[in-house]
Amino acid sequence: MVVVIRYILIAFSGILLLSCGNDDSVSTSADGNIQAWLDSTSISASRDDATGIYYYADSLNPSGTQVSSGSVAAIYYTLSDLNGNVIASHQRSNGDSLIFKVGASAVYPLGVDRGVTLMRVGEIYNFILPPEQAYQDLTSGAINPNLIAHLEIQVVGVHNESDLFAQDIVAIDDYIAVNNLNDTVTNPLNRVEQFSASGISYKRLSAGSGALPLNGDTIIVDYSGRFLDDSSFGSDSGFEWIYGSNDPRELLTGFEFGVSLMQTGERALIMIPSSQGYRESALVVPGFISGDLVEDGIIPDYVTSIPPYQALLFEITRVD
Amino acid sequence: MFAAIKRYSLFALFGLITFQGLSQDIYEKYDIYRNPVYVFLNKFSITATTGIGITSYSHQLSGVYFYQDAQNQFIFSNDIENLGSTFSGYTDWLNDPQPGFETSLENPFDLPFDYLSNPVYNPALGDQTFLVDTDTTDFGFKGGSRGIPITLSIHYNFDKFRVGAGYSYEFHFLRRLEPTNYFGQVRNYEPNVKRTRYSRLFGMVGYKFYSFWSYDFVAELQVGRITAGKQFNNGAISRGIYTNLGVSIENNWSEYFRVIIRPSVDFKSYAINIPDGSTVRHSYPTFFIQAGISINIPDIPRSPMKSDHVQLKHIYRDPVTGRTMEVRGQPIWKRQNPKVGENNRRMWPKRKKAIKKLKTKN
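Rendered as structure tokens:
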């Protein structure tokens, strides 16, 4: 009996100790683990006191452009745990660099947003991210809760956002030219209507009839979306909303603007530069966790379909 | 049937008379007068209590879709065969179902809705739309509310049993209900009213199962009908009877006056009918802790002698009429264990002094 009571007391004490745990203790223990790892590897790293991120440079480029808030950084990365197990990587051999707008909460994990502002173009830094700057309690693939992430980042470029917007308009012009959209023999009906203020282009593919949409009208459309390389990013049929109602939210500026030009039964191609589309969207590192982040309400759903700074093509048929 | 009832009624009446007769023996023998009306009324106890009630509301949604957007939460029957992209559901299914505005089922953070600045961890993402067929998952809401009951009851005492009736009025303060599932995605249910009232009309039975010194412990069962205030649409609500189980802990200050503490639990539920044919069943048991007083109308009058402060019942002979009558020397609330006839509390300091004196001598 005494033994049983003793075990009950031990178990109770254990529960009490566990219940005392909180984020601070996790953070403290993560910081201790990072320091222990640095000691064991004899790596000399600096600590960003505001975030608890440790960093050290593999390659410096003092003459490179400093990454600053509001600019768009282009990076390659390798993500691993402290044991050196690589979880994900995106290098030059895998394709173009990944871009994100700095200082706009447009990259996950947010520790990256802070980290790259310490870098210049051409530099390679290693960041040791404590869980609260990395993936917190996320479980996804090889990412386990409270992972201390070792992220090696190479900054290969910095862009002005306005330049990227301008490039989209040029790219749309190229698309129109390559696909002969202004050739009314190949593509009958009107030539492409271009709206210089927004950069949106509109090509009627088949005629409709009746009035243009008015506020309060119930509009129903079928649409398919694709990028300028004609790869698809989504479609829907019977998409219905109250025109101009902003319920449950505003529609994408370019999308509703395009529909405002359409009669019932009309089919049109609307070309939207990223400035009128999803702009910086968000970059998720690594990309395979996007679905879980959507499910957890950390990023909007459209991020899984639309990378940063992508011009969009919507082929829309108004069916209401 | 009627004859049987009549026969049993006669038996009961005979028993009562016999019982009264036996108890009257000593009074008849010594010709002690007692008013028979007061003797009968003395068998009744009148009780008034108040306290606090903690009500636990919970409901399990089934047979409906639950839908939430940034502003609203709706339910609507899942008998709809083709769920379109817009619909009109019902809000306020706790108390008064109201048709909601026509609402889009589209996800406002997916294509082709507008982009979101500062998208990662944007607080607006907490307003994600959420749709679930409640037949495919365990889902509902629960939460606690508070109330202040005021209860009046009367009961007839015989041996250790009691039987009676009463009325209770409760000032009730509703609070938000929390989802039982999908905690990160579904917001709390906010009742559209903050307060209401509950009225209870009940019958009761009880049994005194334990006595200790001046304390009695009585198990009580109340069964009755409960109605809510106008904040609840009683036309849409089906309520059954409610039951209340409690223990009345009674400190007998005298044989006419008791101070009571009564913990108890209400068991009750109701079903609310949604105009589209679906139904939501709510359970809302309440734990009460109430305190109050209970009195019996004295069967004997106060002694006509102002100087007579004798605590126990005693005999008084009227010097004018010569009639012998039983009287009491104290008001009904004076503390007096009816079993032993305690001394008046004013005497306690003297008693302590006397005990101290005795101890010193020894």
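Chains as they are written, first to last, in the working numbering: chain A, 511 to 830; chain B, 428 to 789. Each residue gets a CB set at the ideal place from its N, CA and C atoms; glycine is no exception.
Simplified DSSP assignment, three categories, for residue i
| i | result |
| --- | --- |
| A:Q677 | helix |
| A:I826 | strand |
| B:R614 | coil |
| B:T563 | helix |
| A:Y812 | helix |
| B:V620 | coil |
| B:P463 | helix |
| A:A598 | strand |
| B:D735 | coil |
| A:G531 | In this prediction, A:G531 has a pLDDT of 42, which is less than 50 and means its spatial position is unreliable; what the coordinates show is noted afterwards. Correct three-state label for A:G531: coil. |
| B:S544 | coil |
| A:D732 | strand |
| A:S552 | coil |
| B:V747 | coil |
| A:Y819 | coil |
| A:F913 | Here chain A has residues from 511 to 830 only, and residue 913 of chain A is not among them. |
| B:L521 | coil |
| B:N757 | Inspection of the sequence shows that residue 757 of chain B is occupied by Gln rather than by Asn. Coil, per DSSP. |
| A:A521 | Caution applies to A:A521, whose pLDDT of 46 falls short of 50 and renders its modelled position unreliable; the value that the coordinates give is listed next. Reduced to three states, the DSSP call for A:A521 is helix. |
| B:N723 | strand |
| B:P526 | strand |
| B:N505 | coil |
| B:R425 | Since the first residue of chain B shown is 428 and the last is 789, residue 425 of chain B is not available in this structure. |
Residues of its chain near residue i, where Cβ-Cβ distance is below 7 Å and the 5 sequence neighbours each way are ignored
| i | result |
| --- | --- |
| A:G621 | T561, I563, F637, L639, Q643 and A644 |
| B:T518 | N499, Q500, F501, Q525 and G527 |
| A:F675 | P783, S784 and S785 |
| A:N719 | The amino acid occupying residue 719 of chain A in the given sequence is Ser; Asn does not appear at that position. Cβ neighbours of A:S719 beyond the five flanking positions: Q773, T774 and G775. |
In DSSP terms, what residue i is bridged to
| i | result |
| --- | --- |
| B:I708 | In the sequence as displayed, the identity of residue 708 of chain B is Arg instead of Ile. Partner(s): B:A698. |
| B:P606 | B:F568 |
| B:L628 | B:Y594 and B:R652 |
| A:E776 | Looking at the DSSP assignment, A:E776 forms no beta bridge with any residue, so it has no partner. |
| A:K611 | A:V582 |
| B:A646 | B:Y634 and B:V674 |
| B:Q487 | B:G567 |
| B:G480 | B:G574 and B:F715 |
| A:F749 | A:V731 |
| B:R689 | B:Q717 |
| A:P619 | Note: A:P619 sits in no beta bridge, so no partner. |
| A:D575 | According to the sequence provided, residue 575 of chain A is Thr. The question's Asp does not apply to it. In DSSP, A:T575 forms no bridge with anything. |
| A:D558 | A:I563 |
| B:I453 | Answer is none; B:I453 lacks a bridge partner. |
| B:T474 | B:S580 and B:S721 |
Cutoff 6 Å; reference residue i; Cβ partners in own chain excluding five residues on either side
| i | result |
| --- | --- |
| B:Y642 | N678 |
| B:T670 | V650 and F694 |
| A:D623 | V617 |
| B:E617 | R603 |
| A:F798 | G651 |
| A:I634 | D568, S569 and Q664 |
| A:S800 | V794 and T814 |
| B:Q487 | G567 |
| A:G754 | N725 |
| A:V713 | Note on residue identity: the sequence assigns Lys, not Val, to residue 713 of chain A. Within the same chain, A:K713 has close Cβ partners L691, V702 and L779. |
| A:E750 | I730 |
| A:D678 | P783, S784 and A821 |
| A:Y819 | L674 and S784 |
Cutoff 8 Å; reference residue i; Cβ partners in own chain excluding five residues on either side
| i | result |
| --- | --- |
| B:S489 | T561 and D562 |
| A:S556 | Y564, Y565 and Y566 |
| B:P725 | Y465, N469, Y683, R755 and I759 |
| A:V596 | T588, L589 and S590 |
Residues that residue i contacts on chain A, provided the C-beta gap is smaller than 9 Å
| i | result |
| --- | --- |
| B:G611 | D806 and G807 |
Partner residues on chain A for residue i, Cβ-Cβ distance less than 7 Å
| i | result |
| --- | --- |
| B:F536 | P810, D811 and Y812 |
| B:T556 | P758 |
| B:A794 | Because chain B here runs from 428 to 789, residue 794 of chain B falls outside it and cannot be looked at. |
Per-residue contacts from residue i into chain E (C-beta, under 9 Å)
| i | result |
| --- | --- |
| B:L672 | Here the protein chains are A and B, and chain E is not one of them. |
Cross-chain neighbours of residue i in chain B, by beta carbon under 7 Å
| i | result |
| --- | --- |
| A:R777 | Within chain B, no residue comes near A:R777; the closest Cβ sits about 16 Å away, beyond 7 Å. |
8 Å Cβ cut-off: residues of chain B touching residue i
| i | result |
| --- | --- |
| A:F765 | P539 |
| A:L761 | P539, F540 and D541 |
| A:V617 | V547 |
Per-residue contacts from residue i into chain B (C-beta, under 9 Å)
| i | result |
| --- | --- |
| A:L620 | V547 and Y548 |
| A:S850 | This structure cannot speak to residue 850 of chain A, because chain A is shown only from 511 to 830. |
Within chain A, the residues that residue i reaches when beta carbons sit closer than 8 Å
| i | result |
| --- | --- |
| B:L552 | G807, I808, I809 and P810 |
Tell me the start and end of each unbroken beta strand (DSSP E) in the region 633–716 of chain A that is at least 3 residues and wholly inside, in chain order. With a minimum length of 3 residues, the continuous beta strand (DSSP E) runs that stay inside the region 633–716 of chain A are 634–639, 659–669, 703–705 and 710–716.
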